[in-house]
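So in our numbering, spot 438 of the sequence shown is number 441, and the numbers just go up one at a time. We put the CB at the ideal spot given by N, CA and C, even for glycine.
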Amino acid sequence: MTVCGITARTGRADVVDDLLNGLKNLEYRGYDSAGIALQNGDGLDVYKRQGETGDLDADVRRRRPSGEIGIGHTRWSTHGAPTDANAHPHTCCGGDVAVVHNGIIENHDELRTELEAAAHEFTSETDSEVVPHLIEERLAAGDGPEAAFRAAIDRLEGSYAIVAMVDGRDAVYATRSGSPLVLGIADDGYFLASDVPAFLEYTDRVVFLEDGDVATVTASTHTITDSDGAMIVRTPETVDWNPEDAEKRGYDHYMLKEIDEQPDALERTLEGRIDAERGTVDLEAFPPGSFADVERVQLVACGTSYHAAAYAQRLLTHRGIPATAHRAGEYAETANTLEHGTLVVGVSQSGETADTLQSLRRITDADARTLAVTNVVGSTISREADDALYIRAGPEIGVAATKTFSSQVATLLLLAERMAADVDGAGSDDTSAVLSALESLPGNLRTVVDNTDAGAIARRANGRESHFFIGRDVAHPVALEGALKFKEITYEHAEGFAAAQLKHGPLALVTDDTAVVAVFTGRHDEKTLANVREVQARDAPVIAIASEDSHSVVEAADELLPIPDTEPELAGLLANVQLQLLSYHVADLLDRPIDKPRNLAKSVTVE
Ligand code: G6P
């Protein structure tokens with residue numbers, strides 16, 4: 004079972020560099036082990052090993068292979084250790100079929116038993132290895148390569164994106180069902196990959212393959228057919244991501260680059276969507292009245308996107324729209340009764356997170372409407388939901404989400420304003436004030452990233468046993484997000500709490516070795532200040548994130564990370580950027596692999 008990134012390249016005399024580069028670009032999807040297979044005119048060559056793509060790269064270059072067609076894989080193991088044997092590509096007994104797979108083959112036990120009974124020998128513990136053996140079986144029965152590929156795929160249950168090569172055939176065969184796969188069309192051939200950044204520096208012309216599509220790609224042609232073999236015409240799209248956005252551009256880490264580019268990302272998110280003077284929001288595909296029938300909202304998401312959803316829950320309820328936020332993995336258990344007028348909003352940066360996709364798939368009730376809020380045009384969630392709203396943040400490579408959180412919350416605030424205007428009786432107290440604060444948000448974020456003291460405070464705060472993050476109202480999801488970021492990239496203990504909740508249990512853990520980070524937005528500050536005093540009475544040092552105009556907070560705090568004065572609903576976003584920077588600098592001091600934290604992957608396509 005794997006999450007991972009897959010890639011393929013055709014059309015050049017030697018594809019090795021492009022394949023290795025594609026894997027490096029996809030490493031954010033997994034980095035436990037990696038491999039490539041090449042068609043070199045004289046059989047299939049496979050190079051694979053545990054470790055990061057950099058280790059594979061060094062190995063491959065030492066051995067100087069070449070090939071005209073190749074496939075590659077970088078793995079995030081969920082089952083089967085990250086060993087050389089479990090790394091992809093997987094091959095069949097005779098070595099003339101090589102396969103890379105992303106997803107889970109649920110009936111692999113049964114298939115393996117059947118294949119072993121037919122004398123196939125397996126060399127890995129993965130579910131994926133059944134695929135090359137199934138293809139081999141059909142080839143032996145007399146099928147041509149494409150027919151053998153189709154017949155093998157027909158046997159699979161589960162979710163997958165698969166690319167295969169057969170010795171002697173100058174083509175790759177690809178299909179998907181529930182896992183992402185995109186075809187890149189370059190002037191000199193083709194790419195296949197789990198995600199566009201794999202090949203963005205070569206081409207921006209893409210076809211997002213759909214479930215059931217079978218693509219046969221040679222050096223100069225591609226055909227797409229449905230599962231019955233009937234031709235399908237899919238018009239290529241041009242992605243408007245800038246290749247430079249997917250590069251590090253002199254930064255030590257993608258994460259810091261992506262934190263710094265939040266003002267630009269937000270400009271793109273907001274562009275053309277706000278008229279602050281008239282107090283109106285223009286959401287392209289959603290003209291006024293689009294949400295007039297919405298009576299309540301359920302937001303469903305994972306990880307950082309869940310925190311954006313929890314933030315949006317507050318934004319909606321402030322406007323009189325009943326809303327709840329749900330962790331996607333738990334959604335089926337907690338929210339399966341959908342009353343008439345429910346809008347279910349799936350929030351997902353990648354648009355490929357299995358838990359979130361499954362939550363939406365469980366909604367079969369015709370009365371409920373689904374909306375995807377995502378960064379990736381053409382992603383699975385954007386196609387499966389009734390409608391899609393894009394956050395327009397540009398590609399995000401660091402495993403820890405940063406700029407996409409800001410763009411998600413800004414987009415969800417626009418959505419909340421649109422809904423409030425559409426739904427009778429609901430309305431923001433002061434739409435114009437919020438919208439003009441939104442217009443100032445990119446500039447305010449610039450002020451934060453250009454003037455932050457997070458590096459100095461990180462040096463002073465580093466080394467505490469525990470780190471608590473607290474806040475109330477919109478600052479509560481920000482506290483949760485601050486703690487998530489901190490634990491993800493520093494590996495230090497961190498927890499986020501609703502400020503009021505501290506005294507109901509967690510206070511028992513507070514000592515002078517607990518750093519408490521308190522988020523203030525200008526709303527309910529006095530109450531959070533009382534919570535700060537409770538921890539200070541137990542000798543815990545407090546870092547406050549607040550406007551310098553909040554004099555009582557500034558006086559009480561041991562350290563201050565200031566944010567520009569703004570509407571409380573947006574202060575949480577500014578505070579979050581300071582928290583991102585604090586985590587980043589502590590992780591940097593501890594020399595952690597910031598862009599690729601251990602055991603994590605950016606896009607988790609298994610439940
Ligand atoms: C993984 C990543 C998180 C991310 C979450 C949801 O857990 O490590 O950083 O927030 O997935 O991803 P999505 O693409 O659905 O927003």
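(message) Taking the beta strand (DSSP E) that GLU562 belongs to, which residues open and close that run?
(response) As a working mapping, residue 562 is identified with position 559 in the sequence shown. Counting along the chain, the unbroken beta strand (DSSP E) around GLU562 starts and ends at 562-566.
(message) Can you determine whether any heavy atom of ligand 1 sits closer than 7 angstroms to the C-beta of VAL236, and answer yes or no?
(response) In the sequence shown, counting from the first residue as 1, residue 236 sits at position 233. VAL236: no, Cβ never under 7 angstroms from ligand 1.
(message) Check this for me: beta carbons of LYS599 and VAL402, under 8 angstroms apart or not?
(response) Residue mapping note: residue 599 aligns to position 596 of the sequence shown, counting from 1. Residue mapping note: residue 402 aligns to position 399 of the sequence shown, counting from 1. VAL402 is positioned such that its CB atom lies closer than 8 angstroms to that of LYS599.
(request) Output the distance between the C-alpha atoms of ALA345 and ALA590, rounded to the nearest integer angstrom. (result) As a first step, residue 345 must be located in the sequence shown, where it is residue number 342. As a first step, residue 590 must be located in the sequence shown, where it is residue number 587. The sequence given here places Thr at residue 345; Ala does not occur at that position. The C-alpha of ALA590 is placed about 41 angstroms away from the C-alpha of THR345.
(request) Confirm, please, whether the CB-CB distance from GLN316 to ALA331 is below 8 angstroms. (result) Here residue 331 is taken as the residue at index 328 of the sequence shown, counted from 1. Here residue 316 is taken as the residue at index 313 of the sequence shown, counted from 1. Not closer than 8 angstroms, so no.
(message) Can you tell me whether PRO148 is buried or exposed? The criterion is at least 16 other CB atoms within 10 Å of its CB, across all chains shown.
(response) As a position in the sequence shown, residue 148 is number 145, starting the count at 1. Counting Cβ neighbours within 10 Å, PRO148 comes out buried, since at least 16 surround it.
(message) With H, G and I counted as helix, E and B as strand and the rest as coil, what does DSSP make of LEU22?
(response) Indexing the sequence shown from 1 puts residue 22 at position 19. In the structure shown, the three-state DSSP call for LEU22 is helix.
(message) Taking the straight line between their C-alpha atoms, what separation do you get for ALA521 and ALA371?
(response) Residue 521 sits at position 518 when you count from the first residue of the sequence shown. Residue 371 sits at position 368 when you count from the first residue of the sequence shown. Rounded to the nearest angstrom, the two C-alpha atoms are 38 angstroms apart.
(request) Leaving out five residues on either side along the sequence, give the residues of the same chain with a beta carbon under 7 angstroms from the beta carbon of THR307. (result) Sequence index remark: in the sequence shown, residue 307 carries index 304 (1-based). Excluding its 5 nearest sequence neighbours in each direction, THR307 has C-beta neighbours in its own chain below 7 angstroms: ALA404, PHE408, GLU484, LEU487, listed in chain order.
(message) I'd like to know whether the C-beta atoms of VAL284 and THR13 end up nearer to each other than 8 angstroms.
(response) As a first step, residue 284 is located in the sequence shown; it is residue number 281 there, counting from the start. As a first step, residue 13 is located in the sequence shown; it is residue number 10 there, counting from the start. Result no, Cβ atoms of VAL284 and THR13 do not sit closer than 8 angstroms.
(request) Give the DSSP-derived three-state secondary structure of GLU498 in the structure shown. (result) Translated into the one-based positions of the sequence shown, residue 498 becomes position 495. GLU498 falls in the strand class under three-state DSSP.
(message) Going by beta-carbon coordinates alone, are PRO617 and LEU318 separated by less than 8 angstroms?
(response) Beyond the ends of the chain as shown, which are 4 and 610, falls residue 617; an answer cannot be given.
(message) Considering only the alpha carbon of each residue, which of THR226, VAL348, GLU399, SER197 lies closest to PRO246?
(response) The sequence position of residue 246 within the sequence shown is 243, counting from 1. For PRO246, the nearest C-alpha among the options comes from GLU399.
(message) Please list the terminal residues of the continuous alpha helix (DSSP H) segment that includes MET258.
(response) Translated into positions along the sequence shown, residue 258 becomes position 255. Residues 257-263.
(message) Please state whether the Cβ-Cβ distance between GLY83 and THR116 is less than 8 angstroms.
(response) As a working mapping, residue 83 is identified with position 80 in the sequence shown. As a working mapping, residue 116 is identified with position 113 in the sequence shown. For GLY83 and THR116, no; Cβs fall outside 8 angstroms.
(message) To test your reading of the DSSP string, which unbroken alpha helix (DSSP H) runs of 4 or more residues are found completely within the segment 261-312?
(response) Counting only runs of 4 or more, we get 265-273.
(request) Return yes when the C-beta of CYS7 is under 7 angstroms from any heavy atom of ligand 1, and no when it is not. (result) Here residue 7 refers to the residue found at position 4 of the sequence shown. Distances between the C-beta of CYS7 and the heavy atoms of ligand 1 are all 7 angstroms or more.
(message) Please list the terminal residues of the continuous alpha helix (DSSP H) segment that includes HIS111.
(response) Your numbering for residue 111 matches position 108 in the sequence shown. Segment 111-120, the alpha helix (DSSP H) holding HIS111.
(request) State yes or no: is the C-beta of ASP476 within less than 8 angstroms of the C-beta of GLY292? (result) Counting from 1 along the sequence shown, the entry for residue 476 is found at position 473. Counting from 1 along the sequence shown, the entry for residue 292 is found at position 289. GLY292 is positioned such that its CB atom lies no closer than 8 angstroms to that of ASP476.
(message) Do ASN105 and SER36 have their beta-carbon atoms positioned less than 8 angstroms apart in this structure?
(response) Looking up residue 36 in the sequence shown gives position 33. Looking up residue 105 in the sequence shown gives position 102. Using a Cβ distance threshold of 8 angstroms, SER36 and ASN105 do not count as a contacting pair.
(request) Look at the alpha carbon of ASP229 and the alpha carbon of LEU184, and state the distance between them as a whole number of angstroms. (result) Along the sequence shown, one-based indexing puts residue 229 at 226. Along the sequence shown, one-based indexing puts residue 184 at 181. A straight-line Cα-Cα distance of about 15 angstroms links ASP229 and LEU184.
(message) Tell me the residue span of the beta strand (DSSP E) that contains LYS51.
(response) Translated into the one-based positions of the sequence shown, residue 51 becomes position 48. Going by DSSP, LYS51 is part of the beta strand (DSSP E) stretching over 47-53.
(request) Can you tell me which of the three DSSP states ASN602 falls into? (result) As a working note, residue 602 is residue 599 in the sequence shown. It is coil, neither helix nor strand.
(message) Looking only at its chain, what residues have a beta carbon closer than 7 angstroms to the beta carbon of LEU577, apart from the 5 residues adjacent to it on each side?
(response) Here residue 577 refers to the residue found at position 574 when the sequence shown is read from its first residue. Cβ within range, chain order: ASN447, LEU448, VAL451, ILE566, PRO567, THR569.
(request) Note down, in chain order, each residue of its chain lying with its Cβ closer than 7 angstroms to the Cβ of THR77, except the 5 sequence neighbours on either side. (result) Numbered from its first residue, the sequence shown carries residue 77 at position 74. Hits under 7 angstroms: CYS7, GLY8, LEU26, LEU29, GLU30, ARG32, GLY33, TYR34, ALA37, THR56.
(request) With a threshold of 7 angstroms, establish whether the CB of VAL2 neighbours any heavy atom of ligand 1. (result) Nothing can be reported for residue 2: it is not among the residues displayed for the chain, which extend from 4 to 610.
(request) Please specify which runs of the alpha helix (DSSP H), each continuous and at least 4 residues long, are wholly inside the segment 343-402, giving them in chain order. (result) With a minimum length of 4 residues, the continuous alpha helix (DSSP H) runs that stay inside the segment 343-402 are 357-364, 383-387.
(message) Buried or exposed, going by whether 16 or more other CB atoms sit within 10 Å of the CB of LYS260?
(response) By 1-based counting over the sequence shown, the position of residue 260 is 257. With a 10 Å radius around the Cβ and a threshold of 16 neighbouring Cβ atoms, LYS260 comes out buried.
(message) ARG595 and THR493 - do their beta-carbons sit closer together than 8 angstroms?
(response) For the purposes of this step, residue 493 is taken as the residue at position 490 of the sequence shown. For the purposes of this step, residue 595 is taken as the residue at position 592 of the sequence shown. ARG595 is positioned such that its CB atom lies closer than 8 angstroms to that of THR493.
(message) Any contact between the segment 134-144 and the segment 386-396? By contact I mean 3 or more CB pairs, one from each, below 8 angstroms.
(response) At 8 angstroms Cβ cutoff, the stretches do not touch.
(request) Determine the extent of the alpha helix (DSSP H) in which GLY73 is found, giving its start and end residues. (result) Mapped onto the sequence shown, residue 73 falls at position 70. Taken as a continuous stretch (DSSP letters only), GLY73 belongs to no alpha helix (DSSP H), being part of the beta strand (DSSP E) at 72-78.
(request) Spell out a yes or no on whether the segment 493-505 and the segment 547-557 are touching, meaning 3 or more CB-CB pairs, one atom from each, closer than 8 angstroms. (result) No, because fewer than three Cβ pairs between the segment 493-505 and the segment 547-557 fall closer than 8 angstroms, the two stretches do not touch.
(request) Helix, strand or coil for PHE194, going by three-state DSSP, please let me know. (result) The residue given as residue 194 occupies position 191 in the sequence shown. The DSSP-derived three-state label of PHE194 is strand.
(request) Would you kindly report the start and end of the unbroken alpha helix (DSSP H) that includes GLN539? (result) One-based indexing of the sequence shown puts residue 539 at position 536. Per DSSP, GLN539 belongs to the alpha helix (DSSP H) from 528-539.
(message) Let me confirm a value: THR514 is counted as buried when at least 16 other C-beta atoms fall within 10 Å, else exposed. Which label applies?
(response) Looking up residue 514 in the sequence shown gives position 511. Under a 10 Å Cβ-count criterion, THR514 is classified as exposed, with fewer than 16 other Cβ atoms of the shown protein chains found around its own Cβ.
(message) Just list the residues that DSSP pairs ASN105 with in beta bridges.
(response) Locating residue 105 in the sequence shown gives position 102, counting from the first residue. Answer is ALA164, bridged to ASN105.
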